[in-house]
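Chemist:
Residue numbers (the numbering used here): 20 to 591.
(1) Do you know whose CA, among 427, 406, 449 and 526, lies nearest residue 244's CA?
(2) Quick one: grab the DSSP three-state call for residue 243.
(3) Could you spell out where the alpha helix (DSSP H) holding residue 98 opens and where it closes?
(4) Can you name, in chain order, every residue of its own chain whose Cβ lies under 7 Å from the Cβ of residue 82, other than the five neighbours on each side?
(5) Provide the residue span of the beta strand (DSSP E) that contains residue 531, from first to last.
(6) Are there three or more Cβ pairs, one per stretch, closer than 8 Å when the stretch 375-382 is compared with the stretch 421-439?
(7) Assuming residue 284 is part of the beta strand (DSSP E), what are its boundary residues?
(8) Would DSSP call residue 492 helix, strand or coil?
(9) Between residue 283 and the rest of its own chain, which residues show a CB-CB distance below 6 Å, the 5 nearest in sequence each way excluded?
(10) Tell me the DSSP bridge mates of residue 564?
(11) First and last residue of the alpha helix (DSSP H) that includes residue 402?
(12) Helix, strand or coil: how does DSSP classify residue 512 here?
(13) Between the C-alpha atoms of residue 584 and residue 512, what's the straight-line distance to the nearest angstrom?
(14) Pull up the DSSP beta-bridge partners for residue 270, would you.
(15) Is it buried or exposed for residue 156, if we count other Cβ within 10 angstroms and need 16 for buried?
(16) With burial defined as no fewer than 16 other Cβ atoms inside 10 Å of the residue's Cβ, what is the status of residue 139: buried or exposed?
(17) What are the boundary residues of the beta strand (DSSP E) that includes residue 475?
(18) Between residue 368 and residue 343, is the Cβ-Cβ spacing less than 8 Å?
(19) Using a Cβ-Cβ cutoff of less than 8 Å, which residues in the same chain neighbour residue 574 once the five nearest sequence positions on both sides are dropped?
(20) With a threshold of 7 Å on Cβ separation, who are the neighbours of residue 17 within its own chain once the five nearest residues in sequence on each side are excluded?
(21) Please identify the residue among 422, 478, 296 and 464 whose C-alpha is closest to the C-alpha of residue 446.
(22) Taking contact to mean at least 3 C-beta pairs separated by less than 8 Å, is the stretch 289-305 in contact with the stretch 172-179?
(23) Considering only residues of the same chain and omitting the five flanking positions on each side of residue 183, which have a CB-CB separation below 7 Å?
(24) Could you tell me the alpha carbon to alpha carbon distance between residue 88 and residue 166, rounded to whole angstroms?
(25) Since residue 540 and residue 488 should fall inside the 8 Å C-beta cutoff, what is the C-beta to C-beta distance between them, to a whole number of angstroms?
(26) Across which residues does DSSP place residue 349 in a beta bridge pair?
(27) Roughly how many whole angstroms lie between the Cα atoms of residue 269 and residue 425?
(28) Closest by CA to residue 571, which one among 402, 298, 333 and 500?
(29) Note down, in chain order, each residue of its chain lying with its Cβ closer than 8 Å to the Cβ of residue 147, except the 5 sequence neighbours on either side.
(30) Pick from 532, 121, 355 and 126: whose alpha carbon is nearest that of residue 151?
(31) With distances taken from CA atoms, which of 486, 96 and 518 is nearest residue 324?
(32) Spatial neighbours of residue 36 within its chain, please: C-beta separation below 8 Å, excluding the five flanking residues on both sides.
(33) When you compare each of 533, 113, 552 and 304 to residue 566 by their alpha carbons, which one comes out closest?
(34) Let me make sure I understand the geometry here. Which of 373, 529 and 179 has the alpha-carbon closest to that of residue 552?
(35) Report the residue from 180, 168 and 208 whose alpha carbon sits nearest the alpha carbon of residue 189.
(36) Buried or exposed: which applies to residue 452, given that a residue is buried once 16 or more other Cβ atoms fall within 10 Å of its Cβ?
Structure below.
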């Protein structure tokens, strides 16, 4: 019996061993099959995942911004940050510092000090140029790495800063054209993926296009309507007057009224976009788009236009001007009341030449509120002009049901509504363009883009625009104003308005001095708007003493730059 038991146990052991052999063999076969599927067939897609880890987009440069003549105003510049990686050190800090000092222009002691106080990854120097980066690469030190980056540079410094704007690649923030044209500036077409080593070197295989791999991707170039020569003139003349009169702000805008292209756009306070990070917010803001103010007597051009368009007055009409008028608790007085206390029935040319507040108020009161409001709205008052710059305000034009007689009367001479600078020049551009208001813009568009972005609005009839132009030109030619030029007929109007108090009702002692006009009057090529805020030195502050001298110099220089033929003998 014991012998039989032993044999039975032995047979059981042999069976177990056979089963174990079969199990091990099966496991081995399964492992072989799995490894085949894993490594050859790649059922877990490790190859794809590995390739994806090596893929990177080619280096992208933001497109250039240039003026209408191709002058470069903004572009990308490549620079590098140099890092040391402690885990890969083959040299002592003192040895590494000795090697790098003559290359990167930092003393050996300072480099060694930076290395010793650094952590695993040590920033040794920022903003290294391409030539220095190539020298560092030739050293062949594995403990060093170069981080390539873009720097946005503005070679003309402050020129047209508020139009171009700035771009912050680290935060992804921007302003001006850098913001509104960002899609075009960053449009590099189809993405090209390149496999790279951990150090950034390109891995070439059969599918790699060597040209695409080595060529940086560059965004589209954006061309502005700005002429840098005209822009320089605007900024120079504005700054001269700002300094002379100790003014707080100012602007000069030059536009082609026929197509809405802005040729010059000077804004003060100004800034250098190369140093925007160190610039206070008030300088970065383009106040001509965001801030509203009473336009004053320049608005009388629109009042006269509305009166003619509504049929309430004719070119030969006479308007009552008593020098002073009372509406409820509101007294309206002409600025020259002491010299001309009661002009009587005046012509429209006299009204514009002598800037009659009472005459303008009476024209406003001839229309009912809805009529006046409707025409002002068509001229763009109380709404955005649509300019291709961000941050534009709509201005303030109260609804006509809120108007009482005093509000309607003051509207006539530029106090019932508040405008932005770009809104005001857009409105008057219709008078210089046979009644058609064209969307002002600073970017030159293709014909296809123009159809989408540029609007043409018949604000007043061609007859109304031509009549107002003739009245303005005659009033200027009769005057001794700075805007009465020797060789060019100018259709224009000066203005002076009180500056509203901040955070409370009423007006301060500060004034806005302004002038708006276009020339040649018989065939307008340029429209110029000048506004100066809070001039405080150098004599009386009027549109004719502060803004008009700027207008004159800008007009003459722009006419020379654009080669506009004189027309003084055409319109008398």
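No residue lacks a Cβ here, since even glycine has one placed at the ideal position from N, Cα and C.
Modeler: Working from what's here:
(1) 406
(2) strand
(3) Here residue 98 belongs to no alpha helix (DSSP H); instead the beta strand (DSSP E) covers 91-104.
(4) 203, 204, 237, 238, 239, 240 and 241
(5) 526-538
(6) yes
(7) 281-287
(8) helix
(9) 249, 250, 253 and 273
(10) None, per the DSSP bridge assignment.
(11) Per DSSP, residue 402 belongs to no alpha helix (DSSP H) and is neither H nor E.
(12) strand
(13) 22 Å
(14) 286 and 550
(15) exposed
(16) exposed
(17) 475-477
(18) no
(19) 502, 504, 507, 509, 536, 538, 545 and 547
(20) This structure does not reach residue 17, given that the chain is present from 20 up to 591, and the question cannot be answered.
(21) 478
(22) yes
(23) 84, 92, 93, 173, 195, 196, 197 and 292
(24) 35 Å
(25) 6 Å
(26) 346
(27) 30 Å
(28) 500
(29) 98, 99, 100, 101, 123, 155 and 165
(30) 121
(31) 486
(32) none
(33) 533
(34) 529
(35) 168
(36) buried
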